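The structure appears below as structure tokens.
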Amino acid sequence: MTEGSTAANVKAPPILEMRDVWKHFGGIHAVAGATFSIPQGSITALIGPNGAGKTTLFNVVTGFYRADRGAIVYDGDSVFGKSPHAIARLGMVRTFQITKALAAMPVIDNMMLAAPGQPGERLPLLIARPMASRRREAEVREQALELLSTFDLDRKADDYAGTLSGGQRKLLELARALMARPRMVLLDEPMAGINPTLGRRLLEHMQDLRANQGVTFLFVEHDMDVVMNHSDEIVVMAQGKVIVQGPPDEVRSDQRVIDAYLGDAVADGTGGNGSAPGGEAGGS
Amino acid sequence: MEAGTVQVEGRAGIVRRAAGAAGARPGATALVILTLLAVILAAAYGINSFAQTSVNGVISGSYIALGAIGLTLVYGILKLVNFAHGDMLTFGAYVALLFNVTIGLPLVVALLVAIVATAAIGVLLELAMWRPMRRKGAGMLQLLLMAIGLAFVLRNGIQIAAGTQPQRLDVNVTTSIEFLGLSIGRTELIVVVVGIAVLLGVALMVRHSSLGRQMRALSDNFDLAETTGIDTGRVVIITWILAAGLAGLAGVLVVAAQGRLSPNTGFFLLLPMFAAVILGGIGNVYGALAGGMVIGLSQEWTTLFWATEWKVVVSFAVLILVLIVRPQGIFGQERTL
Amino acid sequence: MSALAEALPLAVSFDFLTAWDFWIGVGVLAGVYGIFTLGLQLNVGYTGIINFGQAGFMAMGAYSAIILIVDLGIPTVFALLLSTLITMAAGLLIGVSSLRLRADYFAIATIAFAEIIRLTARNARDLTGGNQGTISIELDNDRFYTDGWFEISNWVRDNLLDPIGLGGSEFGSLPLLILVWGVLALLVVVLNRLIATPWGRVLRAVREDEDAARALGKNAVAYKLQSLAIASALGATSGWLLALSLESVNQDVFDPLFTFIGYGILVLGGLASFAGVMVGSVILWTVLEGMRFLDLPLAADKVAALRFVLVGLILILLMAFRPQGIFGKREEMVIGD
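As they're listed, the protein sequences go chains A, B and C.
Sequential numbering of the first sequence, starting at 2, is according to the working numbering.
Sequential numbering of the second sequence, starting at 308, is according to the working numbering.
Sequential numbering of the third sequence, starting at 809, is according to the working numbering.
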């Protein structure tokens, strides 16, 4: 089941590059000089022990935190200091660790919200060009229903998103992210709290999108099985820095990575059960 | 440190760096600004006028600060924006009025009764209203509107019971003391002394006692504090006793200093108290003290060049300014959530 | 017309001409505050921002309209439009400076702004007539109401109402009632349509979770700003309508207390329901004003206080036991943090 790096386009420039990025919070350096690059069209996993700075990094890349210094280059342009909505508009869409499915809105509204280029969302256009808004709205609705059906959520279209199960909400969040026609999707622990079947479906979707539309995926994940077997590239963080970046085979046996996890496991007093990459329950 | 998602917006270049430097030593910056203002005003309006208004400022600052402590403690620990706090001051004042003027007891006794009564009301409300709502998982807007409703009930209830006519406590408001060319009423002086003494006492207690440590733990992270074995219910009750009791005391001091009491007295102080709380940093007792003094002083200083009606506008302006420039106040931490 | 001035809960006299006159006056108040609360509904119920400054916008609308018409002689319709725009500008200013703050800070900032507006109106004697003077609009002079409104009002009375027997003097305020409720109904329809558009959808997303909206490319702050601007326009509209209904405009009418009456209407009718606002307003004002007819063994000013106690109790009880109000939808209640 190991995917090779065939789909990753190594000749094209990386879609995302970070160089020496720092972010601190009141004396603690959550990100301390992180450097890595994400190849276009790849499925890359971001891993590391707890407290390594992964979610902070996500927040920095997507504009929710402002980095102290460093370079963040997306698709050739710097996005340092850009606001989250501007970055999302450039085609970099993210999901959240704790799903942010908008529970007080129907599923279909969740989906339609994400579509780009809606004149009806801007007051002046809404008033001046009502026909154009309505047309686009109908278009978006159709697209949304289609997308929902590929995730088997179309029957729930008119229900409030709050009535969905946890797993369904995760799917909704992913489907919603895709409505935005992203070039790059950042997923924060997509596999957390969902059953393996659903997880596999999610991964299949990711593979499809990568193959058919060239969407790049970067995800934070703790499930080493998924990481080792379904990603082209792995970025390993520890203590705010990137310590290793490479394909799964290289990373799996890299001593630095094992140290980082074991160090964490020793500190925890655990045996690093399943969370160390090179260890017992690792990939097949 | 994985932190939650939040947008931290920055400002451009040089301004950011200067702001950063000032922000790193907020207490010092505030003091510098205040001193600068003082110097300018003293130079423009004469030392004597300036000093007199400063004396007045310290007087009002001490009761604003006393009221602000209760407000900041409840805000910091319970995350409750208690719009009814001003009316607790009023309540305390009216209880004192009842015992001092109507029943005829000496003011000190009436004061003690007022403090106890207001503290009791605070605890009662916690047990009957706030605690059940917290258990229900009530959100901020719900609690906010309930506090506002409570303010209506308290203020107008007092009006029904005691009427709208302004009244006075049985205190000496005429004797004044002269020193260095300035005059201060004897009662006002007592207000300042009592006020500052209590303020410092409470601040020290919160800083150094184990109870104070527990209160700060709850303020930082309520749920976490619960898991570390702190009896949060007890600490919350004590917080209310403190907050409400201080409010009662502050109410009496206000009336003693200002010489008149009406059902709106406490409510008129609410926004200045909020200004003090936000200026000093929510949940910070020293901050409430500093904030109260700054608000009191700046309000009185404006009488140097504006009519007295505009006095209160200053505290609103300070409030807005602080919220825009440094929402966490002088002594608060930049919060990520 | 005098009945309308007395219809405000601040006035305590019971002097009204006839029951019809009185209740039409109540109807006008309900309509005016309905429009006022529509703004709050848009902000709180549909955008998730807590606007406590609506009374300030009402004040701006009223005073600017009057100044434009009476002092500057601008034709009525243009003046009303202009005053709405001026108020929107103020709303934008407040928004730009304060909307990045978290919800409770923003709420406090809006009260501070509203109070600054009110106190400025009170103290700036030359412009608005100050505290003593309120702007007195005489109805049988060549002024604002006579030119524009008086004519229309008379026309309506003579041609539409008289034929059906409603032309008598006790129905004098009927044209105003029709105007106010016409505007209110129209606004409810417009707002309902607006909220169903893609724009409204973004607003609702921002209400529930700003970060989620941002992650999908929506500029949350911009939408909040628009919401506040529209609310300020609605506040302004209710302001000049109120001015139309009163003989004189006194700054006490714009006390933050009225913003909270608006919130009473809001929670009564229910969050996220524009139509509910109409119902809530009618109920609340009927109860408030209807209490005048109760034969209570209380002095007049105490009855006034009792009415506010009632408002407070409504707020508390609704928030405790039925936060979604009459028409609110439980699923859409996301302001519970």
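Backbone N, C-alpha and C fix where the C-beta goes; we use that ideal spot for every residue, glycine too.
Fair warning: this is a prediction, and the values are worked out from it, not measured in the lab.
I'd like the list of long-range same chain contacts for M1099 of chain C, defined as Cβ closer than 6 Å, with 5 residues on each side in sequence excluded. R1115
Please state the DSSP three-state secondary structure of W23 of chain A. DSSP, reduced to helix, strand and coil, places W23 of chain A within a strand of the structure shown.
From M93 of chain A to M180 of chain A, what distance separates their C-alpha atoms? Linking M93 of chain A to M180 of chain A through their CA atoms gives a straight-line distance of about 12 Å.
Sequence ranges, alpha helix (DSSP H) only - wholly within the segment 51-79 of chain A, length at least 4: Within the segment 51-79 of chain A, the complete alpha helix (DSSP H) segments at least 4 residues long are 55-62, listed from N- to C-terminus.
Using a beta-carbon distance below 8 Å, is D78 of chain A in contact with chain C? D78 of chain A does not count as touching chain C.
Start and end of the alpha helix (DSSP H) containing D226 of chain A? M225 to H231
Whole runs of the alpha helix (DSSP H) within the segment 122-188 of chain A, excluding any shorter than 4 residues: 124-129, 131-151 and 167-180
Give every residue of the same chain whose Cβ lies closer than 7 Å to the Cβ of L173 of chain A, excluding the five residues on either side of it in the sequence, and list them in chain order. A102, V108, N111, L154, A162 and L165
Using a beta-carbon distance below 8 Å, is T151 of chain A in contact with chain C? no
I'd like the span of the beta strand (DSSP E) that includes A31 of chain A, first residue to last. Residues I29 to I39.
Tell me, please, whether the CB atom of M580 of chain B is closer than 8 Å to any CB atom in chain C? For M580 of chain B, not one C-beta of chain C is nearer than 8 Å to its own C-beta.
Counted within 10 angstroms of its Cβ, other Cβ atoms place Q256 of chain A as buried (16 or more) or exposed: exposed
Could you pull out every residue in the same chain whose Cβ sits closer than 6 Å to the Cβ of W547 of chain B, ignoring the five residues on either side in sequence? G429, V430 and E433
Consider the Cβ of K101 of chain A: report whether some Cβ of chain C lies at a distance smaller than 8 Å. yes
Selection from A:R90, A:P15 and A:F97 that minimises the alpha carbon distance to A1020 of chain C: Measuring from the Cα of A1020 of chain C, the nearest candidate turns out to be A:F97.
Bridge-paired residues (DSSP) for I48 of chain A: A:V237
Quick one: what's I916 of chain C bridged to in DSSP? Note: I916 of chain C is not bridge-paired with any residue in the DSSP secondary-structure output.
Quick test of your reading: Y1071 of chain C and L1123 of chain C, contact by CB under 8 Å. State the CB separation rounded to the nearest angstrom. 7 Å
Would you decide whether P579 of chain B is buried or exposed? Buried here means 16 or more other CB atoms lie within 10 Å of its CB. buried
Same chain, Cβ closer than 6 Å to L630 of chain B, five either side skipped, listed in chain order: none
Are the C-beta atoms of A72 of chain A and some chain C residue less than 8 Å apart? no
Reference L448 of chain B, options C:M1127, C:G1133, C:K1137 and C:F1135, closest by Cα: C:M1127
Alpha-carbon spacing of L405 of chain B relative to Q472 of chain B, whole angstroms: 14 Å
Determine the DSSP secondary structure at V216 of chain A, reduced to helix, strand or coil. coil
If I follow the unbroken alpha helix (DSSP H) through M868 of chain C, where does it start and stop? Q862 to I874
From this set, B:A595, B:N571 and B:F575, which residue's C-alpha is nearest R462 of chain B's C-alpha? Of the listed residues, the one whose Cα sits closest to R462 of chain B is B:N571.
Give the residues of chain C in contact with M113 of chain A, contact being defined as C-beta atoms less than 8 Å apart. Simply P1006 and R1009.
Measuring only the C-alpha atoms, how far is I875 of chain C from L1096 of chain C? 31 Å
Per DSSP, P191 of chain A is paired with what? The secondary-structure analysis by DSSP pairs P191 of chain A with nothing; it has no beta-bridge partner.
Note down, in chain order, every chain C residue with its Cβ under 8 Å from the Cβ of D189 of chain A. Going along chain C, no residue has its Cβ under 8 Å from D189 of chain A, so there is no contact; the nearest lies around 10 Å.
Would you say A1023 of chain C faces chain A, with C-beta separation under 8 Å as the test? yes
Is E309 of chain B helix, strand or coil when you go by DSSP? Residue placement at E309 of chain B cannot be trusted, given a pLDDT of 37 that sits under 50; the coordinates are not used to answer.
Specify whether the segment 393-405 of chain B and the segment 553-560 of chain B touch according to this definition: at least 3 beta carbon pairs, one from each stretch, less than 8 Å apart. yes
Compare the C-beta of K1110 of chain C with all C-beta atoms of chain A and state if any pair is closer than 8 Å. It does not: the Cβ of K1110 of chain C has no partner Cβ on chain A nearer than 8 Å.
Residue ranges of each alpha helix (DSSP H) run of no fewer than 4 residues wholly in the segment 980-1052 of chain C, ordered along the chain? If you keep only unbroken alpha helix (DSSP H) runs of at least 4 residues inside the segment 980-1052 of chain C, you get 982-1003, 1006-1016 and 1018-1023.
Suppose you measure from the CA of G587 of chain B to the CA of V509 of chain B; what does that come to, to the nearest Å? 15 Å
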